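Trainee: Here the protein sequences come in this chain order: A and B.
With my numbering applied, the first sequence covers 203 to 315.
With my numbering applied, the second sequence covers 260 to 374.
Quick reminder that beta carbons are idealized off the backbone N, C-alpha and C, glycines included.
What you are looking at is a predicted structure, and each value in this text was computed from that prediction instead of being measured.
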Amino acid sequence: QQQVKQSPQSLIVQKGGISIINCAYENTAFDYFPWYQQFPGKGPALLIAIRPDVSEKKEGRFTISFNKSAKQFSLHIMDSQPGDSATYFCAARVQAGANNLFFGTGTRLTVIP
Amino acid sequence: DTAVSQTPKYLVTQMGNDKSIKCEQNLGHDTMYWYKQDSKKFLKIMFSYNNKELIINETVPNRFSPKSPDKAHLNLHINSLELGDSAVYFCASSQGTSGNTGELFFGEGSRLTVL
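1) Quick one: does B:Asn-323 have its CB under 8 Å from some CB of chain A?
2) Please classify B:Leu-302: does DSSP put it in a helix, a strand, or coil?
3) Out of A:Lys-259, A:Ser-282, A:Asn-269, state which residue places its alpha-carbon closest to the alpha-carbon of A:Val-215.
4) Check each residue of the stretch 293-306 of chain B: if its Cβ is closer than 8 Å to any Cβ of chain A, include it; give the result in chain order.
5) Starting from the Cα of A:Pro-242, find the closest Cα among B:Gly-366, B:Tyr-308, B:Leu-374 and give me that residue.
6) Take B:Ile-315 and list the residues in its own chain whose beta-carbon comes closer than 7 Å to its own, dropping the five residues that flank it on each side.
7) Going straight from the alpha carbon of A:Asn-302 to that of B:Ser-324, what length do you get?
8) Answer yes if the stretch 282-298 of chain B comes into contact with the stretch 330-349 of chain B, meaning at least three C-beta pairs across the two stretches below 8 Å, and no otherwise.
9) Roughly how many angstroms separate the alpha carbons of A:Lys-259 and B:His-288, rounded to a whole number?
10) Quick check on DSSP: helix, strand or coil for B:Leu-270?
11) Given this structure, state the Cα-to-Cα distance separating B:Gly-358 from B:Leu-374, to the nearest angstrom.
12) Does chain E have any CB closer than 8 Å to the CB of B:Ser-353?
13) Give the single residue among B:Ala-262, B:Thr-266, B:Gln-354, B:Asn-310 whose Cα lies nearest to the Cα of B:Ser-279.
14) Does the stretch 209-226 of chain A come within contact of the stretch 334-345 of chain B, defined as at least 3 CB pairs closer than 8 Å?
15) Helix, strand or coil for A:Pro-315, going by three-state DSSP, please let me know.
16) What number of angstroms, rounded off, separates the C-alpha of B:Ala-262 from the C-alpha of B:Gly-275?
17) Measuring alpha carbon to alpha carbon, tell me which of B:Pro-320, B:Gln-354, B:Leu-371 ends up nearest B:Phe-310.
18) Counting only beta-carbon separations shorter than 8 Å, does B:Glu-283 have a partner in chain A?
19) Which residues in the same chain as B:Arg-370 place their Cβ atom closer than 6 Å to its Cβ, once the five residues preceding and following it in sequence are excluded?
20) Measure the beta-carbon distance from A:Ser-267 to A:Ser-276 and round it to whole angstroms, keeping in mind my assumption that it falls under 8 Å.
What follows is the structure in structure tokens.
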């Protein structure tokens, strides 16, 4: 059973455009929602994270939008660059759990110069 | 300085063999994990150890056995390898298991191919 649903599976964006990746969940016990970025041949690395008491978090060109009532959150990459080409994973963690992160299925982003 | 290092990076072996993957972290973290990433890039947790104690043990065949000799090391031993075990195995570590300190630091992965 997929705890976190992610879409799209792949995304192609022109340089300078906005990349948007969406995730949805059902478990209201989730208390922490990170996004991880993975380059080919590397392990995932934390990009940005949000807690459910905040509706938006911005770090540079990366913004998470969080809609608690809809149980959805999304990653927006502004002014997308070729160097942003990677696979992006959303994730969610159960409150006060053993840091068990449930990952989405990943979105392969390609930014065309 | 590599924060989370795994060896070997590549492993090709025959069905039925036994193999081990080693992981070490030099971040001083108290929690370590093994994740499996399949051919479709899906990441799933297998095990987690906190201060050498097993705290997460997902539904994984008992052919997979983790071992944590100390806080900085978490090894994965796999018996009687099957074709379906082919995947990339990631080791990760974190400081703590809750709050904002739960950031996972991943190694570069160990690609296991079972022929």
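Mentor: On the basis of the coordinates in this document:
1) Here the question's residue 323 of chain B lines up with position 64 in the second sequence. Checking the displayed sequence, the identity of residue 323 of chain B turns out to be Phe instead of Asn. No, its Cβ sits nowhere closer than 8 Å to a Cβ of chain A.
2) Start at 1 with the first residue of the second sequence, and residue 302 of chain B comes out as number 43. Strand.
3) Working through the first sequence from its first residue, we reach residue 215 of chain A at position 13. Just measuring C-alpha positions, the residue of A:Lys-259, A:Ser-282, A:Asn-269 sitting nearest A:Val-215 is A:Ser-282.
4) Cβ contacts with chain A: Lys-299, Lys-300, Phe-301, Leu-302, Lys-303, Ile-304.
5) Within the first sequence, numbered from 1, the residue matching residue 242 of chain A stands at position 40. Residue B:Gly-366 is the option with its Cα nearest to A:Pro-242.
6) What you label residue 315 of chain B is simply residue 56 of the second sequence in a count that begins at 1. Counting only Cβ-Cβ distances below 7 Å, and skipping sequence neighbours, we find Ile-304, Phe-306, Ser-307.
7) One-based indexing of the first sequence puts residue 302 of chain A at position 100. One-based indexing of the second sequence puts residue 324 of chain B at position 65. When rounded, the distance between both Cα atoms is 18 Å.
8) Segments in contact, yes.
9) Taking the first sequence and counting its residues from 1, the one referred to as residue 259 of chain A is at position 57. Taking the second sequence and counting its residues from 1, the one referred to as residue 288 of chain B is at position 29. If you draw a straight line from the Cα of A:Lys-259 to the Cα of B:His-288, it is about 26 Å long.
10) Translated into positions along the second sequence, residue 270 of chain B becomes position 11. In the structure shown, B:Leu-270 sits in a strand (DSSP, three-state: E or B).
11) The residue you call residue 358 of chain B lines up with position 99 of the second sequence. The residue you call residue 374 of chain B lines up with position 115 of the second sequence. Confidence at B:Gly-358 is low in this model, with a pLDDT of 49, below 50, so the placement of that residue is unreliable and no value is reported for it.
12) Given the protein chain composition of this structure (A and B), no chain E is represented.
13) The residue given as residue 279 of chain B occupies position 20 in the second sequence. Out of B:Ala-262, B:Thr-266, B:Gln-354, B:Asn-310, B:Thr-266 has the C-alpha closest to the C-alpha of B:Ser-279.
14) The stretch 209-226 of chain A is not in contact with the stretch 334-345 of chain B.
15) Looking up residue 315 of chain A in the first sequence gives position 113. A:Pro-315 sits in coil when the DSSP states are folded into three classes, being neither helix nor strand.
16) In the second sequence, residue 262 of chain B corresponds to position 3, counting from 1. In the second sequence, residue 275 of chain B corresponds to position 16, counting from 1. Answer to the nearest angstrom: the Cα atoms are 32 Å apart.
17) Counted from its first residue, the second sequence places residue 310 of chain B at position 51. The amino acid at residue 310 of chain B is misidentified as Phe; the sequence shows Asn. Residue B:Gln-354 is the option with its Cα nearest to B:Asn-310.
18) In the second sequence, the residue the question calls residue 283 of chain B occupies position 24. Nearest CB-CB separation between B:Glu-283 and chain A: not below the 8 Å threshold.
19) The count along the second sequence starts at 1 and reaches residue 370 of chain B at position 111. Tyr-269, Val-347, listed in sequence order.
20) Along the first sequence, read from residue 1 onward, the residue named residue 267 of chain A stands at position 65. Along the first sequence, read from residue 1 onward, the residue named residue 276 of chain A stands at position 74. Indeed, because the Cβ distance is near 5 Å, the residues count as touching under 8 Å.
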